[in-house]
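Written below as structure tokens is the structure these notes are about.
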Amino acid sequence: MNDSTHPLLHGLNAQQRAAVTTPAGPVLVLAGPGSGKTRVLTHRIAWLLTELRIPAWQVLAVTFTNRAAREMRHRLTDMLGDTSAREMTLGTFHAACVRILRREAEAANLAPNYAIFDSDDQLAVMKQVVKDMNLDDKRYKPRALLNAVSSAKNELIAPDAYPIHTYYDEIIARAYGHYQQLLRNSDGLDFDDLLMKTANLFRDNPLVREKYQRRYRNILVDEFQDTNMAQYVILKALGHEHQHLYVVADEDQSIYSWRGADYRNIRRLREDFPKLTQYLLEENYRSTQVILDAAQAIIAGNRDRTPKHLYTHQPGGDLLTLHEAYDEQEEAEYVAREIRALLRSGREPGAIAVMYRTNAQSRALEEALMKAGIPYRLIGGTRFYTRREVKDILAYLRLVNNPDDDVSFTRVINVPRRGIGAKTLEAVAAQARVQQGSLAKGMMALLHAGTLSTRAHNALLGFASMLKQWRTARENVTVAALIDHVVTDSGYEGYLRDGSDDGESRWENVMALRGAVSDVPNISLTDFLTEVALVADVDELAEEIDAVTLLTLHSAKGLEYPVVFLTGLEEGMLPHSRSMETLDDIAEERRLLYVGMTRAEERLVLSYAFRRGWGYYGSSEPTEPSRFLADLPDEVLGQRQGRRAPQSTPRASWSVGAWGQSSERTAPRPQPEPEYRTGQRVRHTHYGEGMIIESQMEGRDEMVTVMFSSGVGVKRLLAGMAPLEALSEH
DNA sequence: ATGATTTTACTTTTT
DNA sequence: GTAAAATCAT
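Numbering (the working numbering), first residue to last: 44 to 773.
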């Protein structure tokens with residue numbers, strides 16, 4: 044067969060073609076931004092189905108976000124038709140795991156109707172843990188404990204295997220154990236459990252593992268650099284036997300280490316699959332040469348990466364614009380002004396995206412766009428499903444699906460008020476503890492025993508019988524009808540619609556939720572709740588509209604726009620102040636900027652503000668331009684607008700310099716003395732005690748290399764930024 | 001048990 | 001400045 048005439052390969056370059064038609068076996072495609080990796084992935088799937096005659100149901104394709112999954116399914120439907128696209132398993136890791144765990148609930152020792160706990164629910168449970176264990180919530184912050192537990196789960200560490208080096212570790216281990224116990228009482232799984240339980244299921248149950256190995260004889264993974272240990276173990280369990288594992292990765296776009304992602308999985312893959320074939324996609328089809336040069340200059344500032352030679356056949360292009368605004372309002376007004384000019388010159392709103400580091404930054408932009416009458420759509424941000432009234436209704440529904448869900452039980456037991464107060468609830472909780480069961484079980488036992496006061500008894504009985512009615516109704520009616528029952532019987536409608544405007548708008552949200560259910564006719568309650576838990580953004584469900592897109596740099600990954608605005612490029616914003624403690628943190632922030640820049644096809648506008656509101660109450664502080672801007676070569680910069688060119692202020696203080704040329708460009712300044720010396724003992728608030736291995740001045744910053752005693756290992760820290768203190772000598 | 005008042009913490013990124 | 005949490009009064 045002549046490859047070039049095959050319709051599937053039409054329009055692909057030699058590298059892409061080789062990657063699409065590679066024979067069966069383990070494959071790693073290293074793909075730069077804009078090199079057509081989604082294209083390669085979809086064409087590979089089509090190739091498997093049409094050329095190698097693989098049945099669609101044997102294909103498992105995993106993406107990182109629901110949006111990417113939807114996009115890929117869309118493309119495959121166009122290429123292969125509805126049936127094939129529907130038959131294959133295509134979704135996020137979490138979605139795939141949910142399906143497997145529901146089907147294999149018995150083998151996994153789970154209730155098939157288990158609840159999925161989102162981050163709010165997780166926090167509620169951890170607060171309960173802190174309470175139960177009589178911990179001081181100032182010293183043991185539920186959030187921090189949750190983070191530790193989440194990392195442990197992502198590393199597949201069980202509570203009794205949690206490594207203990209300090210007393211704090213000891214507390215974490217116990218809190219972890221108790222947390223899991225509470226989840227179990229509720230028949231609930233959190234996001235991390237979905238991965239961990241699946242990995243453990245495959246580890247402990249060879250029959251189930253083999254079943255899925257046979258089922259998913261072809262596994263494809265997008266954004267492999269952002270997989271964590273649990274996800275890697277799942278992939279290995281399924282793919283190692285048949286070796287048909289096809290992954291696409293770009294280490295320069297690894298931006299989820301805070302979620303346990305470990306780009307070293309690429310190295311593990313090479314070790315675990317010695318027969319791995321590698322392909323490199325280096326031709327960029329997205330951006331102009333200017334944009335590409337700028338992005339490469341930024342990413343070149345990171346060490347420990349494989350250098351790539353991205354190239355494009357679109358030479359030249361518009362130079363970048365770098366704009367300094369006075370504050371975030373004026374920055375937003377500048378963006379709005381520029382967008383208006385673009386729209387006047389014939390750009391579609393949908394061709395433009397505005398990106399930022401944190402969701403909070405969208406506010407000023409929204410206001411400016413609204414004032415300018417520019418249509419926009421916001422990705423992420425205030426999420427529909429996290430609104431109070433929506434969560435209340437969902438809690439009722441979750442309780443109908445799984446009465447043992449204690450988080451939902453606690454949420455709605457007295458909303459609207461039905462005379463069940465703290466005291467009654469404490470009695471229920473005490474009974475639940477006695478019988479080691481859920482609150483619902485405790486409630487039923489108390490009602491049976493009849494030991495409560497008449498008032499409390501009747502109030503509880505009313506609630507219990509309502510629940511029972513809905514559970515019966517659920518068998519015969521649609522989810523939408525069930526919502527109608529719930530809001531009427533519980534009095535929730537009357538409670539919300541108290542005549543206030545706020546009440547009416549909240550009621551509209553409840554109706555919007557009902558509308559979202561009706562959009563999918565015949566969806567089961569369990570499926571609906573699963574979807575809501577995993578697709579946390581209602582925008583994901585809304586259809587595409589022609590509007591300017593507002594989104595964080597994280598959610599921008601995988602997308603592309605003719606015109607991109609990157610805003611808030613200041614120290615503390617990007618790199619974010621909470622992410623500049625270690626060199627690894629800063630390297631990841633740099634990758635984030637790289638991801639943002641490489642989204643742009645034709646025009647890239649960078650902006651920062653001279654001062655920015657920080658406090659929670661209007662206070663505004665002067666800022667420094669992002670250190671990364673210093674790495675932009677003059678050749679890619681066109682206008683420098685605004686009151687201050689970034690180079691005009693000396694910025695040696697934040698050039699991490701040894702491997703960027705930036706330090707050469709900055710004025711010399713007196714060298715301060717290092718604060719730490721080799722051999723000195725130190726304490727870090729997160730990492731515990733350690734010893735300085737090396738300390739050196741880099742510009743005005745002191746860079747220390749510290750070996751920590753607990754499982755943390757060696758970290759490179761900026762002495763000025765890290766919460767580090769010297770320990771006195773003995 | 002509930003409503004009113006005061007206090008406190010909160011914002012990094014997402015499945 | 002907001003939302004949740006703690007405290008107080010009814």
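No residue lacks a Cβ here, since even glycine has one placed at the ideal position from N, Cα and C.
From the DSSP output, in three-state form, read off residue i for me.
i      : result
Glu678 : helix
Ala287 : Here residue 287 turns out to be His, not Ala, going by the sequence shown. Coil at His287, not helix or strand.
Phe653 : coil
Gly615 : strand
Ser548 : helix
Ser620 : helix
Ile588 : coil
Pro689 : Its pLDDT being 45, under 50, Pro689 is placed unreliably in this model, and the coordinates cannot settle the point.
Asp233 : strand
Leu510 : helix
Ser388 : coil
Gln58  : helix
Met176 : coil
Thr494 : coil
Arg708 : Because Arg708 carries a pLDDT of 35, less than 50, the predicted location of this residue cannot be relied on, and the following value inherits that uncertainty. DSSP places Arg708 in helix when its eight states are reduced to three.
Ile159 : strand
Ala201 : coil
Tyr354 : strand
Ala216 : helix
Ala769 : strand
Ala415 : coil
Asn565 : coil
Ala304 : strand
Thr573 : helix
Asn501 : helix
Asn402 : helix
Thr241 : helix
Thr515 : helix
Thr64  : helix
Thr625 : strand
Measuring alpha carbon to alpha carbon, tell me which residue in the options is nearest residue i.
i      : options                           : result
Arg430 : Gly546, Glu326, Gly359 and Lys351 : Gly546
Thr592 : Met413, Glu745 and Leu442         : Met413
Gly656 : Ala407, Leu440 and Ser622         : Ala407
Met169 : Ile159, Leu188, Tyr157 and Thr497 : Leu188
Val433 : Val553, Ser738 and Arg82          : Val553
Tyr259 : Phe267, Asp247, His283 and Ala273 : His283
Thr68  : Tyr210, Tyr322 and Glu645         : Here residue 68 is Gly; the residue named in the question, Thr, does not match the sequence. That would be Tyr322, whose Cα lies nearest to the Cα of Gly68.
Ser330 : Glu645, Asn565 and Tyr637         : Glu645
Ile456 : Phe506, Ser127, Pro766 and Pro350 : Phe506
Gly75  : Asp203, Asp164, Arg246 and Glu294 : Glu294
Pro155 : Cys140, Asp163, Gln165 and Ser162 : Cys140
Ala769 : Gln296, Met734, Met746 and Lys758 : Met734
Glu603 : Arg642, Thr573 and Asp628         : Arg642
Arg654 : Met640, Thr126, Ser669 and Val648 : Ser669
Arg302 : Ala280, Asp336, Val192 and Val173 : Val192
Ala411 : Ala375, Ala150 and Asn402         : Ala375
Gly558 : Lys484, Asp527 and Glu518         : Asp527
Arg720 : His727, Pro713, Glu741 and Thr748 : Thr748
Measure the beta-carbon distance from residue i to residue j and round it to whole angstroms, keeping in mind my assumption that it falls under 8 Å.
i      : j      : result
Ser650 : Val333 : Not really, about 17 Å apart at Cβ, beyond 8 Å.
Glu614 : Thr666 : 6 Å
Val63  : Trp90  : 5 Å
Val638 : Ala599 : 7 Å
Ser229 : Asp447 : 5 Å
So if DSSP puts residue i in a beta bridge, which residue, or which two residues, is it bridged to?
i      : result
Arg759 : Thr748
Gly733 : Val725 and Phe751
Thr666 : None, per the DSSP bridge assignment.
Tyr322 : Val72
Val607 : Ala396 and Leu647
Asn261 : Val102
Arg420 : Thr592
Ser738 : Val747
Thr364 : Val648
Glu294 : Paired residue(s): none; Glu294 is not in a bridge.
Asn271 : Ala304
_My parser needs the beta strand (DSSP E) runs of 3 or more residues fully inside the stretch 68-153; what are they?_
Qualifying beta strand (DSSP E) stretches, in chain order: 70-74, 102-106 and 132-135.
*Could you pull out every unbroken alpha helix (DSSP H) segment of at least 4 residues lying fully inside the stretch 424-484, listed in chain order?*
For the stretch 424-484, whole alpha helix (DSSP H) runs of length 4 or above, ordered along the chain, are 431-444, 449-455 and 465-477.
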